[in-house]
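K.L.:
Just so we're aligned, residue 2 is where the sequence shown starts under this note's numbering, counting upward by one. Next up is a structure, given as structure tokens.
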Amino acid sequence: MHKYIVRGPGDTCEEITAETLDQAVFRAKQHHPDKQVSADATEVLYVCNPGEDPTTCQNRLR
Numbered sequence: 002m003h004k005y006i007v008r009g010p011g012d013t014c015e016e017i018t019a020e021t022l023d024q025a026v027f028r029a030k031q032h033h034p035d036k037q038v039s040a041d042a043t044e045v046l047y048v049c050n051p052g053e054d055p056t057t058c059q060n061r062l063r
């Protein structure tokens with residue numbers, strides 16, 4: 002199992018334990034069904050507003 006950092010929504014920062022990055026994204030989407038979830042190259046997950054540009058969201062939440 003790997004630990005993945007989840008940033009957002011807002012100032013929230015959580016940790017998800019999962020076997021794979023895809024599984025971590027799926028779990029984050031389950032926790033935040035009304036949000037969009039993406040991951041960067043370092044496997045940090047970002048919970049963003051629907052329709053928000055992923056790059057803009059990631060920069061805002063770093």
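Note that beta-carbon positions come from the ideal geometry of N, C-alpha and C, so glycine has one too. The model shown is predicted, which means the values in this text are computed figures rather than measured ones.
Closer than 8 Å is the cut-off here; do at least three beta carbon pairs connect the segment 55-62 with the segment 17-28?
P.N.:
Too few Cβ pairs lie closer than 8 Å, so no.
K.L.:
Which residues mark the beginning and the end of the alpha helix (DSSP H) in which Thr-56 is found?
P.N.:
Per DSSP, Thr-56 belongs to the alpha helix (DSSP H) from 55-62.
K.L.:
Rounding to the nearest angstrom, what Cα-Cα distance links Val-48 and Ala-25 in this structure?
P.N.:
Cα to Cα, the separation comes out at about 12 Å.
K.L.:
By Cβ distance, which residues of its chain are closer than 7 Å to Glu-44, with the 5 residues on each side in sequence left out?
P.N.:
Excluding residues within five positions, the ones whose Cβ falls inside 7 Å are Tyr-5, Leu-22.
K.L.:
What did DSSP end up calling Ala-19 once you bin it into helix, strand or coil?
P.N.:
Three-state DSSP puts Ala-19 in a strand.
K.L.:
In terms of DSSP beta bridges, what is Val-26 paired with?
P.N.:
According to DSSP, Val-26 bridges with nothing at all.
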